[in-house]
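Colleague: Each residue of the sequence shown is one higher than the one before, counting from 1 in the UniProt record's numbering.
Glycine is no exception: its CB is placed at the ideal position from the N, C-alpha and C atoms.
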Amino acid sequence: MRKIPPLATLQAFEAASRLGSFIRAAEELHLTPSAVSHRIRDLERLLGIHLFHRIHRSVILTDAGRKFARNIGDAFGQIESGVQEISQAGKSDLINVHVVPSLGAQWLMPRIARFTTMYPDVDVRITASGEKVDLEDGMVDFDIRYGAGLARAGIETEMFPPEPIVALCSPNLVEENPGLRSPTDLAHQMLIHSEVNLYTWRNWEADHPGVQLNLGRGPRFDRSFMSIFAAIDSLGVCLESMLLVERQLASGVLVLPFGKDGPRIECHSLNYLSSRGHLPKMRLFREWLMQALAESPSLNND
Numbered sequence: 001m002r003k004i005p006p007l008a009t010l011q012a013f014e015a016a017s018r019l020g021s022f023i024r025a026a027e028e029l030h031l032t033p034s035a036v037s038h039r040i041r042d043l044e045r046l047l048g049i050h051l052f053h054r055i056h057r058s059v060i061l062t063d064a065g066r067k068f069a070r071n072i073g074d075a076f077g078q079i080e081s082g083v084q085e086i087s088q089a090g091k092s093d094l095i096n097v098h099v100v101p102s103l104g105a106q107w108l109m110p111r112i113a114r115f116t117t118m119y120p121d122v123d124v125r126i127t128a129s130g131e132k133v134d135l136e137d138g139m140v141d142f143d144i145r146y147g148a149g150l151a152r153a154g155i156e157t158e159m160f161p162p163e164p165i166v167a168l169c170s171p172n173l174v175e176e177n178p179g180l181r182s183p184t185d186l187a188h189q190m191l192i193h194s195e196v197n198l199y200t201w202r203n204w205e206a207d208h209p210g211v212q213l214n215l216g217r218g219p220r221f222d223r224s225f226m227s228i229f230a231a232i233d234s235l236g237v238c239l240e241s242m243l244l245v246e247r248q249l250a251s252g253v254l255v256l257p258f259g260k261d262g263p264r265i266e267c268h269s270l271n272y273l274s275s276r277g278h279l280p281k282m283r284l285f286r287e288w289l290m291q292a293l294a295e296s297p298s299l300n301n302d
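1) So if DSSP puts residue 142 in a beta bridge, which residue, or which two residues, is it bridged to?
2) By the three-class DSSP mapping on this structure, what secondary structure does residue 17 have?
3) State the start and end residues of the unbroken alpha helix (DSSP H) segment that holds residue 293.
4) Buried or exposed: where does residue 83 fall if 16 or more other Cβ atoms within 10 Å of its Cβ makes it buried?
5) For residue 53, is the classification buried or exposed, using 16 other Cβ atoms within 10 angstroms of its Cβ as the cut-off for buried?
6) Taking Cβ positions, are residue 239 and residue 204 nearer each other than 7 Å?
7) Quick test of the definition: if touching needs 3 or more C-beta pairs under 8 Å, does the region 226-238 touch the region 150-164?
8) Exposed or buried, what is residue 39 when buried is set at 16 or more other beta-carbons lying within 10 Å of its beta-carbon?
9) For a test of the three-state rule: what should DSSP assign to residue 185, helix, strand or coil?
10) Distance, Cα to Cα, residue 9 vs residue 67?
11) Evaluate contact between the region 163-171 and the region 260-269, counting only Cβ atoms and requiring at least three cross-stretch pairs below 8 Å.
12) Taking just the CA atoms, how far does residue 234 sit from residue 175?
13) Residue 305 to residue 293, Cα distance in whole Å?
14) Would you report the Cα separation of residue 18 and residue 85, rounded to the nearest angstrom?
15) Is the Cβ-Cβ distance between residue 190 and residue 218 less than 7 Å?
16) Report all residues from its chain with a CB closer than 7 Å to the CB of residue 133; omit the five preceding and five following residues, and keep chain order.
17) In terms of residues, what are the limits of the beta strand (DSSP E) holding residue 52?
18) Contact defined as beta carbons within less than 8 Å: I believe residue 244 pairs with residue 103. What is the distance between those atoms, to the nearest angstrom?
19) Assuming residue 126 contacts residue 281 under a Cβ cut-off of 8 Å, what Cβ separation, rounded to an integer in Å, is found between them?
20) Going by beta carbon distance, what residues of the same chain come within less than 7 Å of residue 252, once the five residues before and after it are set aside?
21) At 4 residues or longer, what runs of the alpha helix (DSSP H) sit wholly inside the region 228-280?
22) List, from N- to C-terminal side, the alpha helix (DSSP H) runs of 4 residues or more that fit wholly inside the region 147-180.
23) How far does the beta strand (DSSP E) with residue 58 in it reach, from first residue to last?
24) Quick check: the Cα distance between residue 71 and residue 136, rounded to an integer number of angstroms?
25) Taking the beta carbon of residue 214 as the centre, do at least 16 other beta carbons fall within 10 Å, making it buried, or is it exposed?
26) Could you tell me if residue 7 is buried or exposed, where buried requires 16 or more neighbouring beta carbons within 10 angstroms of its beta carbon?
27) What three-state label does DSSP hand residue 332 in the structure shown?
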């Protein structure tokens, strides 16, 4: 069992040593100066040393008192920091989510407010990058990846519903090109290329016999969200998942020149450790995410 003096005596000593006065320590602790003095004397008796020189109405730390004050001050500082940290957090749980940038910016972020409203005691930290993450190091709870999941023992993978891949452009581009009415008209349009997508303009051309695209022209990007904004700026026609452009379609800054029919591709996966899937915070976020996907208008078959 640890031999620790009563906390009240340590509080009195810490305040008196820091403020250099029993009176000021008493004011801070809402005690009388006499009570502070008695507590410090009790501490001195327990330790078997003098902590203060008492000269008339002033007090000065002894050498042992100064050393003890440093140690006690550090200890109380750590306690204070711990209290502030947990108080400022104000939440019982924190979910760390790693997500690929385009899905994070275009679909996940606009919906996080709904999650925090439903579960105010759970905070969400989102990190977006195209880098691989190690779920086993404990820094990330969920890894939302583009493409296939993590095919490893101990990892649970749930694929997102298949996403429709469609041609998109600005309404201005349609107005300026009245001939943009059917897929064959793309032969004369500038194409915006997302170079790392699972389904590209080359795949689209293969699925549309008789349509020859100018695949050698057009701006190229390694992120879908950049291709989407290029299309909004009327740089050309992009080929992206409707899941990523729900807000832009709803606001009218993008349109579907050939309608919403297109190949459906499994583009994203949710990955997490099997050993952590039972945790309440994990279950809450996973169920919320899957429900949000089920409610996404772009994934409905209507």
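Modeller: Quick answer:
1) If you number the sequence shown from 1, residue 142 lands on position 142. Answer by DSSP bridge pairing, in chain order: 97.
2) Your numbering for residue 17 matches position 17 in the sequence shown. Of the three classes helix, strand and coil, the one that applies to residue 17 here is helix, per DSSP.
3) As a first step, residue 293 must be located in the sequence shown, where it is residue number 293. Segment 280-295, the alpha helix (DSSP H) holding residue 293.
4) Against the sequence shown, residue 83 aligns to sequence position 83. With fewer than 16 Cβ atoms within 10 Å of its Cβ, residue 83 is classed as exposed.
5) Position 53 of the sequence shown, counted from the first residue, corresponds to residue 53. So residue 53 ends up on the exposed side.
6) Residue 239 sits at position 239 when you count from the first residue of the sequence shown. Residue 204 sits at position 204 when you count from the first residue of the sequence shown. A contact, by the Cβ cut-off of 7 Å.
7) no
8) The sequence position of residue 39 within the sequence shown is 39, counting from 1. Buried, by the Cβ-count rule.
9) As a first step, residue 185 is located in the sequence shown; it is residue number 185 there, counting from the start. Helix, per DSSP.
10) Taking the sequence shown and counting its residues from 1, the one referred to as residue 9 is at position 9. Taking the sequence shown and counting its residues from 1, the one referred to as residue 67 is at position 67. Each residue's Cα considered, the two are about 17 Å apart.
11) yes
12) Within the sequence shown, the letter at position 175 stands for residue 175. Within the sequence shown, the letter at position 234 stands for residue 234. Approximately 11 Å, taken between the alpha carbons.
13) Coverage of the chain is limited to positions 1 through 302, which leaves residue 305 absent and any answer about it impossible.
14) Sequence index remark: in the sequence shown, residue 18 carries index 18 (1-based). Sequence index remark: in the sequence shown, residue 85 carries index 85 (1-based). Residue 18 and residue 85: Cα-Cα distance of roughly 23 Å.
15) By 1-based counting over the sequence shown, the position of residue 190 is 190. By 1-based counting over the sequence shown, the position of residue 218 is 218. Yes. Within cutoff.
16) As a first step, residue 133 must be located in the sequence shown, where it is residue number 133. 98, 140 and 143, listed in sequence order.
17) Working through the sequence shown from its first residue, we reach residue 52 at position 52. 52-55 is the extent of the beta strand (DSSP E) around residue 52.
18) Counting from 1 along the sequence shown, the entry for residue 244 is found at position 244. Counting from 1 along the sequence shown, the entry for residue 103 is found at position 103. Confirmed, Cβ separation roughly 7 Å.
19) Sequence index remark: in the sequence shown, residue 126 carries index 126 (1-based). Sequence index remark: in the sequence shown, residue 281 carries index 281 (1-based). Not a contact, Cβ separation roughly 15 Å.
20) Within the sequence shown, the letter at position 252 stands for residue 252. So the qualifying residues of the chain are 171.
21) 246-251
22) 171-176
23) Taking the first residue of the sequence shown as position 1, residue 58 is located at position 58. Looking at the DSSP string, the run of the beta strand (DSSP E) that includes residue 58 is 58-61.
24) The residue labelled residue 71 in the question sits at position 71 within the sequence shown. The residue labelled residue 136 in the question sits at position 136 within the sequence shown. Roughly 37 Å between the two C-alpha positions.
25) The residue given as residue 214 occupies position 214 in the sequence shown. Looking at its Cβ environment, which holds fewer than 16 other Cβ atoms inside 10 Å, residue 214 is exposed.
26) The sequence position of residue 7 within the sequence shown is 7, counting from 1. Exposed is the call here.
27) Outside the displayed span of the chain (1 to 302) sits residue 332, for which this structure offers no information.
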